[in-house]
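S.K.:
Residue numbers (this note's numbering): 8 to 63.
Have a look at this one:
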(Lines of atoms letter the chains of each structure in order from A and count residues from 1; the text may use other names and numbers.)
(Lines give C-alpha, C1' and ligand atoms only; values in the text may rest on other atoms or scores of the structure.)
Protein backbone atom coordinates (compact mmCIF):
# COMPACT_ATOMS: atom_id res chain seq x y z
CA UNK A 1 0.00 0.00 0.00
CA UNK A 2 2.92 2.32 0.64
CA UNK A 3 4.04 2.00 -2.98
CA UNK A 4 0.49 2.65 -4.17
CA UNK A 5 0.33 5.86 -2.16
CA UNK A 6 3.70 7.03 -3.45
CA UNK A 7 2.61 6.21 -7.02
CA UNK A 8 -0.55 8.28 -6.62
CA UNK A 9 1.43 11.20 -5.21
CA UNK A 10 3.88 11.05 -8.11
CA UNK A 11 1.05 10.97 -10.66
CA UNK A 12 -0.66 13.94 -8.99
CA UNK A 13 2.55 15.96 -8.99
CA UNK A 14 3.21 15.05 -12.62
CA UNK A 15 -0.26 16.25 -13.59
CA UNK A 16 0.21 19.52 -11.68
CA UNK A 17 3.59 20.11 -13.32
CA UNK A 18 2.25 19.34 -16.80
CA UNK A 19 -0.67 21.73 -16.33
CA UNK A 20 1.61 24.47 -15.06
CA UNK A 21 4.02 24.05 -17.97
CA UNK A 22 1.14 24.04 -20.44
CA UNK A 23 -0.28 27.21 -18.89
CA UNK A 24 3.08 29.00 -19.02
CA UNK A 25 3.85 27.79 -22.54
CA UNK A 26 0.51 28.78 -24.05
CA UNK A 27 0.30 32.10 -22.25
CA UNK A 28 3.81 33.01 -23.40
CA UNK A 29 3.01 31.91 -26.96
CA UNK A 30 -0.19 33.98 -26.88
CA UNK A 31 1.77 37.03 -25.69
CA UNK A 32 4.29 36.64 -28.50
CA UNK A 33 1.60 36.22 -31.15
CA UNK A 34 -0.29 39.23 -29.83
CA UNK A 35 2.89 41.30 -29.99
CA UNK A 36 3.46 40.23 -33.59
CA UNK A 37 -0.13 41.02 -34.56
CA UNK A 38 -0.28 44.28 -32.68
CA UNK A 39 -2.12 47.10 -34.42
CA UNK A 40 -0.85 49.80 -32.09
CA UNK A 41 2.24 51.83 -32.84
CA UNK A 42 5.60 51.10 -31.30
CA UNK A 43 5.57 54.30 -29.26
CA UNK A 44 2.20 53.37 -27.74
CA UNK A 45 3.54 49.94 -26.82
CA UNK A 46 6.62 51.47 -25.20
CA UNK A 47 4.44 53.81 -23.17
CA UNK A 48 2.31 50.88 -22.02
CA UNK A 49 5.36 48.85 -21.04
CA UNK A 50 6.76 51.84 -19.18
CA UNK A 51 3.56 52.28 -17.20
CA UNK A 52 3.46 48.55 -16.42
CA UNK A 53 7.03 48.64 -15.13
CA UNK A 54 6.26 51.65 -12.95
CA UNK A 55 3.33 49.81 -11.39
CA UNK A 56 5.40 46.73 -10.64
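Ideal Cβ positions, reconstructed from N, Cα and C, are used throughout, including at glycine.
Predicted model, so just to flag it, every value in this text is computed and none were measured.
Taking only the alpha-carbon atoms, compute the straight-line gap between residue 26 and residue 9 and give it to the nearest angstrom.
M.R.: Distance between the alpha carbons of residue 26 and residue 9: 26 Å.
S.K.: Ends of the alpha helix (DSSP H) at residue 53?
M.R.: Counting along the chain, the alpha helix (DSSP H) containing residue 53 begins and ends at 49-62.
S.K.: In the structure shown, what three-state DSSP assignment does residue 44 receive?
M.R.: If DSSP states are grouped into helix, strand and coil, residue 44 belongs with coil.
S.K.: Residue 56 to residue 42, Cα distance in whole Å?
M.R.: Distance between the alpha carbons of residue 56 and residue 42: 12 Å.
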